[in-house]
Amino acid sequence: MPELPEMENYKILLNQKLLGRLISNVQINREKSINVLPQVFIQNVQGQKIITIQRRAKHLLFLLDNGQVLLLHLMLGGWMYFGSKEDKPKRTIQVQLSFGEEHLYFIGLRLGYLHIYQTTEEVDKELADLGPEPLESDFTLGAFRELVNNRRGRIKTKLIDQQFLSGIGNCYSDEICYHAGLLPKRGLEELQMNETVQLYQSIQFVLHDAIKHGGYMDNPLYKNDTLTGGYNELCKVYDREGESCTRCGTAIVKEMISSRKTFYCPNCQK
Ligand SMILES: [Zn+2]
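Residue numbers (this note's numbering): 147 to 416.
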C-alpha cells in the first residue's frame with residue numbers, strides 16, 4: 147500500500163502537471179469508488195479547475211475552484227497514471243479525469259476510493275482521527291518525545307498506527323527501525339532517551355530519502371517518468387528475507403508482528 151513518500155511523490159508530480167488545469171470530462175466506471183451518485187459527482191467536478199493538490203497522511207486532496215475537494219486513498223493495489231489515450235496502461239480504469247487530450251487514470255481502486263466533499267472543513271472532519279504529520283515543521287523532537295511518553299506498544303505496531311503518527315505503513319516502519327538500529331518488536335516504553343532521539347531522526351531521514359528517490363510504486367506516473375519507484379531498490383530490509391544485511395552481512399529475517407510481515411536484521415538491530 148502506498149505510504150507517505152509515495153503519496154508525497156504523486157502530490158509533487160501531479161501539481162506540476164495539473165495545477166490550474168480544467169477538468170474537461172469525468173468518467174466513472176466503478177460506482178463503488180465514489181461516495182455519491184455518478185451524475186452528482188460529474189456535475190460537481192466537470193468544468194472545475196484544480197487549484198492545488200495537497201497530501202494528508204496517505205491521502206491526496208484535490209482542491210477544486212468551486213471549493214469542493216476530491217479525497218483520494220489508494221489503499222492496497224491502487225495507483226495512478228497520467229497521459230494520453232495512447233499511453234493508457236492496459237488495465238481496468240475505475241475513474242478517469244480528463245484534461246483535454248490528457249487523462250488522469252485511477253487504477254486498482256478496489257478498496258481505494260475517490261470521494262467528493264463540499265468543503266475542506268468536511269474533509270478535516272473526516273480525517274480528524276489522524277495522528278501528527280511526521281514531516282511537518284511542528285513535529286519536533288520535543289513533540290515526538292511527548293507523543294512517545296507513557297505510550298506502550300511495539301515500535302512496529304505504533305509506527306503504523308495512523309492515530310499515533312500518520313503516513314507510515316508496513317514498508318517504512320521496517321526501514322525506519324533498520325535505520326535506527328532498533329528491533330521492531332521492542333516496546334516504545336523501554337526505549338532509552340538516545341534511542342528515542344535516534345528513532346525520531348530515522349523517521350525524518352528515511353521518509354525524506356524515500357521522497358527524494360520517488361517512493362516505491364511499481365509503475366511510473368507518466369511516460370518518461372524516471373523518478374517514481376526509485377526507492378524500490380533502495381529498501382534495505384523490506385521484502386528482503388534471506389538477503390544479506392548491507393551493514394553487517396547477516397541474513398534478513400521475516401517475522402509476523404501483530405499479524406504484519408516484518409523484516410529486520412537480527413544482528414545489528416537491538
Ligand atoms: Zn545487520
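Built from N, CA and C at the ideal position, the CB exists for glycine as well.
Where the beta strand (DSSP E) containing residue i begins and where it ends
| i | result |
| --- | --- |
| Ser-170 | It is not in any beta strand (DSSP E) - Ser-170 carries neither H nor E in the DSSP assignment. |
| Met-226 | 225-229 |
| Lys-400 | 399-403 |
| Leu-353 | Segment 339-358 is the alpha helix (DSSP H) holding Leu-353; no beta strand (DSSP E) there. |
Residue nearest to residue i in terms of C-alpha spacing, selected from the options
| i | options | result |
| --- | --- | --- |
| Tyr-263 | Ser-283, Gly-213 and Gly-376 | Gly-213 |
| Thr-372 | Gly-360, Lys-382, Leu-380 and Ile-301 | Gly-360 |
| Gln-194 | Arg-167, Gly-327 and Gln-185 | Arg-167 |
| Glu-282 | Asn-370, Phe-228, Asp-385 and Arg-201 | Arg-201 |
| Leu-334 | Met-402, Asn-295 and Asp-364 | Asn-295 |
| Ala-289 | Asn-175, Thr-342 and Glu-232 | Thr-342 |
| Phe-285 | Lys-304, Met-226, Leu-311 and Thr-265 | Leu-311 |
| Gly-313 | Asp-233, Cys-391 and Met-221 | Met-221 |
Min CB distance residue i to chain C below 9 angstroms
| i | result |
| --- | --- |
| Arg-291 | Among the protein chains of the structure shown there is no chain C, as only one such chain exists. |
Residues of its chain near residue i, where Cβ-Cβ distance is below 6 angstroms and the 5 sequence neighbours each way are ignored
| i | result |
| --- | --- |
| Ala-356 | Pro-151 and Tyr-377 |
| Ser-244 | Ser-170 and Asn-171 |
| Leu-209 | Ile-197, Thr-198 and Val-215 |
| Asn-181 | His-261 |
Cβ pair residue i, residue j closer than 9 angstroms
| i | j | result |
| --- | --- | --- |
| Asp-307 | Gly-258 | no |
| Cys-317 | Tyr-362 | yes |
| Val-352 | Glu-389 | no |
| Glu-149 | Gly-299 | no |
| Pro-368 | Gly-246 | Rather than Pro, the amino acid found at residue 368 in this sequence is Tyr. Going by C-beta atoms, Tyr-368 is not nearer than 9 angstroms to Gly-246. |
| Ile-301 | Leu-328 | yes |
Alpha helix (DSSP H) segment containing residue i, residue limits
| i | result |
| --- | --- |
| Arg-291 | 287-294 |
Own chain partners of residue i with C-beta closer than 8 angstroms, once the 5 adjacent residues on each side are dropped
| i | result |
| --- | --- |
| His-205 | Met-153, Leu-217, Leu-218, His-219 and Leu-273 |
Own chain residues within Cβ distance below 7 angstroms of residue i, not counting five before or after
| i | result |
| --- | --- |
| Gly-223 | Gly-254 and Arg-256 |
| Val-383 | Asp-320, Glu-321, Tyr-324, Ile-398, Phe-409, Tyr-410 and Cys-411 |
| Gln-192 | Ile-169, Asn-171 and Val-172 |
Mind listing, in chain order, the residues whose beta carbon lies closer than 5 angstroms to a non-hydrogen atom of ligand 1?
-> A residue is listed when its beta-carbon falls short of 5 angstroms from at least one non-hydrogen atom of ligand 1; in chain order these are Cys-391, Arg-393, Cys-394, Thr-396, Cys-411, Asn-413 and Cys-414.
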